[in-house]
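With my numbering applied, the sequence shown corresponds to residues 4 to 85, in that order. Ideal Cβ positions, reconstructed from N, Cα and C, are used throughout, including at glycine.
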Amino acid sequence: MEFTDVVARRYACKKYDGRPVDPAALQAILEAGRLAPTAKNLQEQKIYVVQSPEGLAKIDALTPCRYGAPTVLLVAFDSENV
Numbered sequence: 004m005e006f007t008d009v010v011a012r013r014y015a016c017k018k019y020d021g022r023p024v025d026p027a028a029l030q031a032i033l034e035a036g037r038l039a040p041t042a043k044n045l046q047e048q049k050i051y052v053v054q055s056p057e058g059l060a061k062i063d064a065l066t067p068c069r070y071g072a073p074t075v076l077l078v079a080f081d082s083e084n085v
């Protein structure tokens, strides 16, 4: 599949049914993130998996765009190390 086909087929999901994310699918997504290239190959990114009600509530306090997703992947890096 060409990249333009992928872009043309994308959509923004704004409603989730609350079912938990399949652990095998989550592991595959995290592995893809681990293998993804980084700027200057610095490898400084950290991927945090947020699934607890407390953690999701904190995210909801920061942004209205979670739309009820049961899992949030928070990608961060320490700018002091870049």
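Residues that DSSP places opposite residue i in a beta bridge
{"i": "isoleucine 50", "result": "Val78"}
Under the three-state DSSP convention, the category residue i falls into
{"i": "glycine 58", "result": "helix"}
{"i": "leucine 45", "result": "coil"}
{"i": "aspartate 20", "result": "coil"}
{"i": "alanine 72", "result": "coil"}
For residue i, the nearest candidate out of the options (CA to CA)
{"i": "leucine 76", "options": "Glu57, Val52, Ser82 and Arg37", "result": "Val52"}
{"i": "proline 73", "options": "Tyr19, Val10, Tyr14 and Arg12", "result": "Tyr19"}
{"i": "valine 78", "options": "Ile32, Lys17 and Ala64", "result": "Ile32"}
Residue i versus residue j - alpha carbon distance
{"i": "arginine 22", "j": "serine 82", "result": "35 Å"}
Cβ distance (whole Å) where residue i is taken to contact residue j below 8 Å
{"i": "phenylalanine 80", "j": "glutamine 48", "result": "5 Å"}
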